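> One structure, pasted below without further comment.
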Ligand SMILES: [Zn+2]
Ligand SMILES: [Zn+2]
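In the UniProt record's numbering, the protein residues as written are 1 to 372.
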């Protein structure tokens with residue numbers, strides 16, 4: 001397939017966002033495009049709603065993997081685009097439509113003009129949750145084609161088009177979701193002494209929780225606990241029998257997240273005694289830190305020499321990415337692709353500049369060809 005219109009593909013994908021492990025239309029769309037461009041050098045496998053595409057090299061000594069995520073978010077789109085999501089309440093608000101389009105573009109170029117080494121394109125489901133990277137790399141389908149090195153990109157709304165950015169070492173944090181349920185004894189608002197008030201218990205818990213980071217962890221290791229949502233009770237004149245806190249834990253050290261959980265569970269035990277209630281915690285999705293191998297970041301930087309793409313040194317961020325689970329077992333790196341959007345990731349008005357599509361495809365292709 002030569003006439004690959006990136007903008008059209010991106011817009012078609014943008015209209016069909018689907019949540020983790022439900023990417024059926026997306027998978028069908030991608031398979032159709034991949035089969036259109038496939039030659040006898042190309043082998044295709046599916047894994048759940050994901051896809052693996054293997055392009056055999058001309059004289060391979062290793063296998064290079066490029067991963068794109070394929071899922072959308074449960075966000076109601078508010079961009080006003082005429083190619084807005086046709087799935088109500090769902091949106092490609094994290095740029096995974098960009099990532100997929102870039103992967104297809106790079107794939108078509110690699111098929112048209114193969115490189116020496118084998119290349120594996122990984123279309124991974126469920127990055128936003130519950131996490132597709134870990135089960136995918138443990139699958140037989142993946143292990144049969146396990147790459148020797150692996151890389152991925154993510155759009156960066158605050159970076160201008162034409163720029164890419166990365167760094168050796170830590171790029172993204174260790175993350176864990178956090179859901180805490182309180183169960184006490186409700187009753188009349190005028191008789192607090194006959195109840196176990198879960199609004200008060202949960203409120204105090206939120207305040208105490210902050211001391212885990214400030215008093216329990218090494219101040220030189222970065223950590224954050226955020227409670228983003230708090231719910232309790234149902235009416236103004238009754239004492240709340242239940243409460244729920246929803247939040248996230250993020251740390252720059254893999255060991256710190258375990259320590260946070262250990263201290264959190266001790267705090268829960270104390271609260272159960274002090275407030276005479278039952279508290280349950282659920283950690284939801286957990287992503288391992290994204291740590292770039294400096295060697296490959298350097299090779300990536302070198303591969304851009306002679307192009308118009310500008311490399312900028314990144315700083316580590318407390319964001320999370322399940323690509324960390326892949327980098328834990330396969331050396332490689334992740335980079336930011338500048339898309340210059342006035343609204344950030346996960347925003348209902350995210351509007352990445354489509355001029356970045358060809359920049360991304362070129363950066364991916366250049367890195368793969370640099371091993372020739
Ligand atoms: Zn996201
Ligand atoms: Zn994302």
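C-beta atoms are modelled at their ideal positions from N, C-alpha and C, and glycine is treated no differently.
Keep in mind it's a predicted model, so treat the numbers as computed, not measured.
Terminal residues of the continuous alpha helix (DSSP H) containing residue 325?
Per DSSP, residue 325 belongs to the alpha helix (DSSP H) from 323-329.
> Quick check on DSSP: helix, strand or coil for residue 26?
Three-state result, residue 26: helix.
> Locate the alpha helix (DSSP H) running through residue 244, then write down its first and last residues.
Per DSSP, residue 244 belongs to no alpha helix (DSSP H); it is in the beta strand (DSSP E), 242-251.
> Measuring straight from C-alpha to C-alpha, what distance separates residue 95 and residue 299?
Their Cα atoms are separated by approximately 25 Å.
> Starting from residue 337, trace the beta strand (DSSP E) both ways and give me its first and last residue.
332-338 is the extent of the beta strand (DSSP E) around residue 337.
> Strictly by DSSP, which residues pair up with residue 226?
Residue 226 is bridged to 248.
> Please report the distance separating the alpha-carbon of residue 274 from that of residue 193.
Roughly 14 Å between the two C-alpha positions.
> So what does DSSP say about residue 210, is it helix, strand or coil?
In this structure, residue 210 counts as helix in the three-state DSSP scheme.
> Determine the DSSP secondary structure at residue 373, reduced to helix, strand or coil.
Residue 373 is absent from the structure shown; the chain starts at 1 and stops at 372.
> Answer with buried or exposed for residue 124, where buried requires no fewer than 16 other C-beta atoms within 10 angstroms of its C-beta.
By the neighbour-count rule (16 or more Cβ atoms within 10 Å), residue 124 is buried.
> Where does residue 409 land, buried or exposed, given buried means 16+ other C-beta within 10 angstroms?
For the chain, the structure presents residues 1 to 372; residue 409 sits outside this window and is missing.
> Thinking residue 131 and residue 322 are a contact (beta carbons under 8 Å), I'd like their distance in whole angstroms, please.
The pair is a contact, with the Cβ atoms about 5 Å apart (cut-off 8 Å).
> Regarding residue 77 and ligand 1, is the C-beta to nearest heavy atom distance less than 8 Å?
Answer for residue 77: no, Cβ out of range of ligand 1.
> Out of 150, 361, 147 and 227, which has the shortest C-alpha to C-alpha gap to residue 176?
Selected option, being the one with the closest Cα: 227.
> Looking at ligand 1, does it come within less than 8 Å of residue 345, judged from the CB to the closest heavy atom?
Yes.
> Mind listing, in chain order, the continuous beta strand (DSSP E) runs of no fewer than 3 residues lying wholly within the stretch 141-191?
Entirely contained in the stretch 141-191, the beta strand (DSSP E) runs reaching 3 residues are, in chain order, 149-156, 163-166, 169-172 and 174-183.
> Would you mind stating whether residue 91 and residue 73 have Cβ atoms separated by less than 9 Å?
Yes; because the gap between Cβ atoms is below 9 Å, this pair is in contact.
> According to DSSP, is residue 232 helix, strand or coil?
Looking at residue 232 - three-state DSSP - the assignment turns out to be strand.
> Which class does residue 3 belong to by DSSP, given the choice of helix, strand or coil?
The pLDDT assigned to residue 3 is 48, lower than 50, so where the model puts this residue is not dependable; a value taken from the coordinates is nonetheless given after this. The answer is coil: DSSP assigns residue 3 none of H, G, I, E or B.
> Which residue from 55, 85, 6 and 54 puts its Cα closest to that of residue 18?
Answer by Cα proximity: 85.
> Report yes or no: do the stretch 148-160 and the stretch 232-252 share at least 3 C-beta pairs separated by less than 8 Å?
In short, these stretches do not touch, since the Cβ pair count stays below three.
> Could you tell me the distance, in whole angstroms, from the CA atom of residue 243 to the CA atom of residue 340?
If I take the Cα positions, the gap works out to 40 Å.
> Residue 6 and residue 354: beta carbons closer than 9 Å?
Taking 9 Å as the Cβ cut-off, residue 6 and residue 354 qualify as a contacting pair.
> Who are the near neighbours of residue 54 in its chain, counting only those whose CB is closer than 6 Å to its CB and skipping five residues on each side?
So the list reads 43, 120 and 145, once near-sequence residues are dropped.
> For residue 301, which three-state DSSP category applies?
Three-state DSSP puts residue 301 in a helix.
> Under DSSP, the alpha helix (DSSP H) around residue 134 begins and ends at which residues?
From DSSP, the alpha helix (DSSP H) with residue 134 extends over 133-137.
> Less than 8 Å separating the Cβ of residue 277 from some heavy atom of ligand 2?
Because no heavy atom of ligand 2 lies under 8 Å away, the Cβ of residue 277 does not count as near it: no.
> Can you have a look at residue 289 and say buried or exposed, based on whether 16 or more other CB atoms are within 10 angstroms of its CB?
By the 10 Å Cβ count, residue 289 comes out buried.
> Between which two residues does the alpha helix (DSSP H) containing residue 264 stretch?
That run of the alpha helix (DSSP H) goes 254-274.
> Rounded to the nearest angstrom, what separates residue 259 and residue 212 at their Cα positions?
Spanning the two alpha carbons is a distance of roughly 9 Å.
> Assign residue 197 to one of three DSSP states: helix, strand, or coil.
Reduced to three states, the DSSP call for residue 197 is coil.
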